[in-house]
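Below is one structure, written out as structure tokens; the observations come after it.
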Amino acid sequence: MPQLRRQYPFHLIEPQWQAHWDSQETFRAFNPGQPPADEHPFAVRHPGAAPESLDKYYILDMFPYPSGAGLHVGHPEGYTATDILARFERMRGRHVLHPMGWDAFGLPAEQYAIKTGQHPRQTTEENVSNFKRQIKSLGFSYDWSREANTTEPGYFRWSQWIFLQLYNSWFNPATNRAESIETLEYPAELTSEDEKRAYRDDHRLAFVSSAPVNWCPELGTVLANEEVIDGKSEVGGHPVVRKPMRQWMLRITAFAQRLLDDLETIDWSDSLKEMQRNWIGRSEGSEVVFRVQESGEEITVFTTRPDTLFGATYMVLSPEHELVDQLTTGEQRGAVEEYREAAARKSDLERTELAKDKTGVFTGAYAINPVNEEPVPIWIADYVLSSYGTGAIMAVPAHDERDLEFAQKFELPVRVVVEAPDGESLGFTGNGTSVESGFLNGLPTPEAKAKIIDWLEEQGTGKRTINFKLRDWLFSRQRYWGEPFPIVWRDGRHEAVSEIDLPVLPPELDDYKPTKDGEPPLARAADWVNLPDGTTRETNTMPQWAGSCWYYLRYLDAQNDERFAGEAAEKYWMNVDLYVGGTEHAVLHLLYARFWHKVLFDLGYVSTPEPFQRLVNQGIILGEDGQKMSKSRGNVINPDIVLDEYGADAFRLYEMFMGPLEMMKPWSTQGVEGVYRFLGRVWRLFMDDASYKDFEQASTADPAAAAAGLADLKLHAAINDDAPTDEQLKALHACIKKVTDDLEGMRFNTAISALMVFVNEASKWDSRPRAVLTEFLNLLNPFAPHLAEDLAARLGEVSGGTLAYQPWPQHDEALLVEDTIEFPVQVNGKLRGHIIISPDTPREEIEKLALACEKAQQFLAEKEVKKIIVVPNKLVNIAVK
RNA sequence: GCCGGAGUGGCGGAAUUGGUAGACGCGGCGGAUUCAAAAUCCGCUUCUUUCACGAGAGUGGGGGUUCGAGUCCCUUCUCCGGUACCA
Numbered sequence: 000m001p002q003l004r005r006q007y008p009f010h011l012i013e014p015q016w017q018a019h020w021d022s023q024e025t026f027r028a029f030n031p032g033q034p035p036a037d038e039h040p041f042a043v044r045h046p047g048a049a050p051e052s053l054d055k056y057y058i059l060d061m062f063p064y065p066s067g068a069g070l071h072v073g074h075p076e077g078y079t080a081t082d083i084l085a086r087f088e089r090m091r092g093r094h095v096l097h098p099m100g101w102d103a104f105g106l107p108a109e110q111y112a113i114k115t116g117q118h119p120r121q122t123t124e125e126n127v128s129n130f131k132r133q134i135k136s137l138g139f140s141y142d143w144s145r146e147a148n149t150t151e152p153g154y155f156r157w158s159q160w161i162f163l164q165l166y167n168s169w170f171n172p173a174t175n176r177a178e179s180i181e182t183l184e185y186p187a188e189l190t191s192e193d194e195k196r197a198y199r200d201d202h203r204l205a206f207v208s209s210a211p212v213n214w215c216p217e218l219g220t221v222l223a224n225e226e227v228i229d230g231k232s233e234v235g236g237h238p239v240v241r242k243p244m245r246q247w248m249l250r251i252t253a254f255a256q257r258l259l260d261d262l263e264t265i266d267w268s269d270s271l272k273e274m275q276r277n278w279i280g281r282s283e284g285s286e287v288v289f290r291v292q293e294s295g296e297e298i299t300v301f302t303t304r305p306d307t308l309f310g311a312t313y314m315v316l317s318p319e320h321e322l323v324d325q326l327t328t329g330e331q332r333g334a335v336e337e338y339r340e341a342a343a344r345k346s347d348l349e350r351t352e353l354a355k356d357k358t359g360v361f362t363g364a365y366a367i368n369p370v371n372e373e374p375v376p377i378w379i380a381d382y383v384l385s386s387y388g389t390g391a392i393m394a395v396p397a398h399d400e401r402d403l404e405f406a407q408k409f410e411l412p413v414r415v416v417v418e419a420p421d422g423e424s425l426g427f428t429g430n431g432t433s434v435e436s437g438f439l440n441g442l443p444t445p446e447a448k449a450k451i452i453d454w455l456e457e458q459g460t461g462k463r464t465i466n467f468k469l470r471d472w473l474f475s476r477q478r479y480w481g482e483p484f485p486i487v488w489r490d491g492r493h494e495a496v497s498e499i500d501l502p503v504l505p506p507e508l509d510d511y512k513p514t515k516d517g518e519p520p521l522a523r524a525a526d527w528v529n530l531p532d533g534t535t536r537e538t539n540t541m542p543q544w545a546g547s548c549w550y551y552l553r554y555l556d557a558q559n560d561e562r563f564a565g566e567a568a569e570k571y572w573m574n575v576d577l578y579v580g581g582t583e584h585a586v587l588h589l590l591y592a593r594f595w596h597k598v599l600f601d602l603g604y605v606s607t608p609e610p611f612q613r614l615v616n617q618g619i620i621l622g623e624d625g626q627k628m629s630k631s632r633g634n635v636i637n638p639d640i641v642l643d644e645y646g647a648d649a650f651r652l653y654e655m656f657m658g659p660l661e662m663m664k665p666w667s668t669q670g671v672e673g674v675y676r677f678l679g680r681v682w683r684l685f686m687d688d689a690s691y692k693d694f695e696q697a698s699t700a701d702p703a704a705a706a707a708g709l710a711d712l713k714l715h716a717a718i719n720d721d722a723p724t725d726e727q728l729k730a731l732h733a734c735i736k737k738v739t740d741d742l743e744g745m746r747f748n749t750a751i752s753a754l755m756v757f758v759n760e761a762s763k764w765d766s767r768p769r770a771v772l773t774e775f776l777n778l779l780n781p782f783a784p785h786l787a788e789d790l791a792a793r794l795g796e797v798s799g800g801t802l803a804y805q806p807w808p809q810h811d812e813a814l815l816v817e818d819t820i821e822f823p824v825q826v827n828g829k830l831r832g833h834i835i836i837s838p839d840t841p842r843e844e845i846e847k848l849a850l851a852c853e854k855a856q857q858f859l860a861e862k863e864v865k866k867i868i869v870v871p872n873k874l875v876n877i878a879v880k
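Going by numbering that gives the first Met the number 0, the first residue of the first sequence is number 0, and it counts up by one from there.
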């Protein structure tokens, strides 16, 4: 590859400025009571001001998992956007908190360890340092003194501490909030300490459950519902089966309503809120109790359509339903057993794949429909899920697609009880009018619902209920590389490890492999597991989400070893003003973190009910071929190579110039060259090209001498201290206005285009006043900080030694007023010509001039003018017949 | 199926409340510079038609509201993301 001439010496100035920012701690943010030194540029900008007296701005990136593959071009997309805004707000005078860290527990490091025997800590450290090098080379204005790493004991100590808060709390439905487990009241019938203890353990926000869980044999661990996609593991795509296992769960379901309601209070995209709403899945309806004909046993079903009760012609229980054994009659037992076993063997994947074809077996039993006393057959079928509602349904085949399909297959009766407003009533699932429904007849669906629920409540055979799709969060994993639980077991019961014994460090192991039966690798460390006092440690570990659930709080006060973050710091900085990241965490991290935050809020540890006030999703970057980047396609762009060829400023600028942040967009190497050329034009706007050419030649011959010569480069001869002309001021102020507006609206691409327009204009100037160029560099600084800093320093002394805290330029509207404008003239909405007028020309005058406009004349000839519309400052339109 | 988002030149994309469609960049064409090339600088570049001036068409398709629609309404198609037996 031929070595192209560098447009400007980015390879020298970028490391120089990065080193400068590092050594000066330019981007430090200051906690209450910890003001900067007088010479710090923050203090130079805000002399004497206590940092906490300033308007704060907490701008957060989703911290990366430091994989072995290194930084992906998708990472810097969001990071550049937040960095531009952080720098912008800093210049506007706000006190900016902009931190970065590492979500470093996780499967890949562990799997690599299994393959090579290398300790995950070592791999993780290497990957973190590589990520840090790459991120630093992009010149982001992070406060590195707040760097957080989820795998460090000083960090996960507090992850464990928060777990203990969950463990020691319960959800009080009366107050609708988490409270200390001490406030739990026991039912009178519980007298023994054992019973009370069991009751208490059942109410904790962190509790042990033996319900069937998602077990992934390939990964050797269980997974949360959110981590299973189409019956396969989100990581690696391995099959997942349901298996009963003793596991730790977090009671997120208690917060379902609040997680839903509080979405209204935060500024997130509609699509993201909608995803969370769908995942939480609230549905209103009622429970209806059916009695089994022979035994009188009660079966409760959940339905959103109690108004169709008269049309319930059979019932279906999920194969796992607890009453199935009791109900099944002698002659049906064989078939039922067989069906249940087959259903149990099926993975979730198989169940979904076979979804179209309904299967099921008759139990031989009948239940009585409470509304008409009719016996209806009870079936079991795997289209009814044990995990939703009550695990049992009343089937109304006439008004439910699935029930209809099932009824048709097994020739069960179908009874129409809702009349469609028009068209076919059979199979109609919308709102209509009740028919064949006794006392509901003639009622529209909503009224019928209300009436039947009232009736059911009166009879004591049903009640109004709300159901959520959201399940409790399966929180334990059979892995090595994660936080150990701060829990020990004594005589088969769990106990919290005392807070002063945190952190619980994981044991050293030679073999990280999970076992086939789900025994966690930590169980191998006998010395670690068996404690002198006879207790044994919990051997499961926490999922990766534990660390990411609260990292934004650790940044507030990352060095604090007495609290997860100091109270004053938490009060000052929270909540996060802007959070930018990918959409892949919509129902994972973003839901879990909101849940933890609410618990901490209820317990009084944080001061806001929501952690992330505003959230913006960046779109993904596709390969040059318009396909998703992947190793197998060979279309992955390596940021290191781009940096090497074009520099950090060009890289940053390109990622923002591609298009709107939230959109998906393809990479283009030619596009990078475009913005790189722009930065070259900026350089040549300021610098004497001949002197740079000489320098380049000399430094190619002797790179060592280059750094010395860099300082001697000559400014462009056109630069002077003359007063700017009106035209020059107009160009500058138009640029200030556009860039400021666009940054406020996060329209980075158009802000950059405004900078380009200015440079194209200014490059033509024979006289380039310093005053104008300095202001331009302030505008450029958030986008291309290395070049802007470098040119500013060459132009003259910069207060505080950096542009980072220079006041953001203000535009003056008066300077933008034109003496004359070219005013468009339309005829019937089509542009036909222009008239030259002054902006304050009166309406009548414009009308007259428009009619006289030569170009418009031919379209007016022999036509009757109906109306003339003058839109001030826009155009004039002549409507003709 | 349902929910969300998007369809604008050869390409990425502009058009902030209904008011000059195509800013800016890429690519392409022509020119300057050069022994030549690269780099740089200047000009042109939606399509059709015309020697030209100009004219006509044009924001996925069809219809509507309006003096005027990329933007609002109805309808339809395509693509992307999420979700899916949730009763």
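Ideal placement from N, C-alpha and C gives every residue a C-beta, glycine not left out.
Q. Near A855, which residues of its chain fall below 6 Å by C-beta distance, leaving aside the five closest residues on each side in sequence?
A. By the criterion of a C-beta distance shorter than 6 Å, A855 is surrounded in its chain by V824, V826, R831, G832, once the five residues flanking it on both sides are discounted.
**Q.** Endpoints, beta strand (DSSP E) assigned at M314
**A.** Membership of M314 in the beta strand (DSSP E) is indicated by the continuous run 313 to 316.
Q.
If we require 3 or more residues per run, which beta strand (DSSP E) segments fall completely within the segment 800 to 862?
A. Secondary structure in the segment 800 to 862: the beta strand (DSSP E) runs of 3 residues or longer, each lying completely within the stretch, are 820 to 826, 829 to 836 in chain order.
Q.
If contacts are defined as beta-carbon pairs under 8 Å, then P806 and E774 qualify, I think. What distance do you get, rounded to the angstrom?
A. Actually they are not in contact, since the Cβ atoms of P806 and E774 sit about 10 Å apart, beyond 8 Å.
Q | C-alpha distance - L772 paired with L778, whole-angstrom precision | A | Roughly 10 Å between the two C-alpha positions.
Q) Thinking just about the alpha-carbon of each residue, which of K131, V72, H39 is nearest to the one in F65? A) It is worth fixing the name first, because residue 65 is Pro in this sequence and not Phe. P65 has its Cα closest to that of K131, out of K131, V72, H39.
Q. Can you list, in chain order, the residues of its chain whose CB lies under 6 Å from that of I12, leaving out five sequence neighbours each side?
A. Same-chain partners within the cutoff: H785, D789.
Q) Skipping 5 residues on each side, what residues in its chain have a beta carbon closer than 7 Å to that of I834? A) Result list for I834: F822, V824, L848, A849, C852, in chain order.
Q: Return the bridge partner residues of A36 from the DSSP annotation.
A: None; A36 has no bridge partner.
Q: Take T739 as the anchor and find which of E566, D811, K692 has the nearest alpha-carbon.
A: Taking only the C-alpha atoms, the option nearest T739 is D811.
Q. When DSSP builds the beta bridges, which residues end up paired with E623?
A. The partner list for E623 (beta bridge, DSSP) is empty, contrary to what the question assumes.
Q: Leaving out five residues on either side along the sequence, give the residues of the same chain with a beta carbon under 6 Å from the beta carbon of E178.
A: Correct list, in chain order: N171.
**Q.** Residue range of the beta strand (DSSP E) that includes M248
**A.** Residues 246 to 249.
Q | Exposure of M0, with buried meaning 16 or more beta-carbon neighbours within 10 Å | A | Per-residue confidence for M0 stands at a pLDDT of 31, beneath the threshold of 50, marking its modelled position as unreliable; no derived number is given.
Q) Given a threshold of 16 other Cβ atoms within 10 Å of its Cβ, counted over all protein chains shown, does A253 qualify as buried or as exposed? A) By the 10 Å Cβ count, A253 comes out buried.
Q) Contact check, G280 vs K468 under 8 Å by CB: the rounded distance? A) Right, the Cβ-Cβ distance comes to about 3 Å (below 8 Å), so this counts as a contact.
Q | Which of helix, strand or coil DSSP assigns to W101 | A | Three-state result, W101: strand.
Q | Continuous beta strand (DSSP E) assignments of at least 3 residues falling wholly in the segment 471 to 508 | A | Residue ranges of uninterrupted beta strand (DSSP E) with 3 or more members, entirely inside the segment 471 to 508 and ordered along the chain, are 486 to 489, 492 to 495.
Q: Within the same chain, show all residues whose beta-carbon is closer than 7 Å to that of R89, passing over the 5 residues directly before and after it, in chain order.
A: Taking R89 as the centre and dropping the five residues before and after it, the same chain places the C-beta of V95, A803, Y804 closer than 7 Å to its C-beta, in chain order.
Q) By the 10 Å Cβ neighbour count, where 16 or more other Cβ atoms means buried, how is F9 classified, buried or exposed? A) That one is buried.
Q: May I have the straight-line CA-CA distance separating K829 from R842, to the nearest angstrom?
A: Rounded to whole angstroms, the gap between the alpha carbons of K829 and R842 is 20 Å.
(Q) Looking at G284: is its Cβ nearer than 7 Å to the Cβ of T303? (A) In contact: G284 and T303 (Cβ atoms closer than 7 Å).
(Q) Quick check: the segment 564 to 580 against the segment 600 to 611, are at least 3 beta-carbon pairs closer than 8 Å? (A) Inter-segment contact for the segment 600 to 611 and the segment 564 to 580 is present: three or more beta-carbon pairs are separated by less than 8 Å.
Q.
What does the Cβ neighbour count give for A860, buried or exposed, with the cut at 16 atoms within 10 Å?
A. The C-beta of A860 has fewer than 16 other C-beta atoms within 10 Å across all chains shown, which makes the residue exposed.
Q) By how many angstroms is the C-alpha of F309 removed from the C-alpha of R332? A) Separation of R332 and F309 (C-alpha to C-alpha, rounded to the nearest whole angstrom) is 29 Å.
Q.
Given this structure, state the Cα-to-Cα distance separating E337 from V360, to the nearest angstrom.
A. Going by the C-alpha atoms only, they are around 10 Å apart.
Q) What are the boundary residues of the alpha helix (DSSP H) that includes D60? A) Under the DSSP assignment, D60 falls outside any alpha helix (DSSP H), being part of the beta strand (DSSP E) whose first and last residues are 55 to 60.
Q) Would DSSP call S22 helix, strand or coil? A) In this structure, S22 counts as helix in the three-state DSSP scheme.
Q) Is T123 helix, strand or coil by DSSP? A) Three-state DSSP puts T123 in a helix.
Q. Quick check: the segment 675 to 695 against the segment 709 to 716, are there 3 or more CB pairs under 8 Å?
A. Judged by Cβ distances under 8 Å, the segment 675 to 695 makes contact with the segment 709 to 716, as three or more pairs qualify.
Q. Which residue or residues does DSSP assign as beta-bridge partners of H71?
A. None; H71 has no bridge partner.
Q.
When you measure from the CB of I452 to every non-hydrogen atom of the ligand MN, does any distance come out below 6 Å?
A. Summarising the ligand content, the structure contains no ligands, and the ligand MN is consequently not present.
Q: Pull up the distance between the alpha-carbon of A730 and that of Y554, whole angstroms please.
A: When rounded, the distance between both Cα atoms is 41 Å.
Q | Cβ neighbour criterion (16 or more within 10 Å) applied to N277 | A | Residue environment: N277 is assigned as exposed (fewer than 16 neighbouring CB atoms within 10 Å of its CB, all protein chains considered).
Q. Whose CA, out of V864, I836, A761, lies closest to the CA of K873?
A. Comparing Cα-Cα distances from K873 to each of V864, I836, A761, the minimum goes to I836.
Q) Since T540 contacts E457 with CB under 8 Å, what's their CB separation in whole angstroms? A) A Cβ-Cβ separation of about 52 Å leaves T540 out of contact with E457 under the 8 Å criterion.
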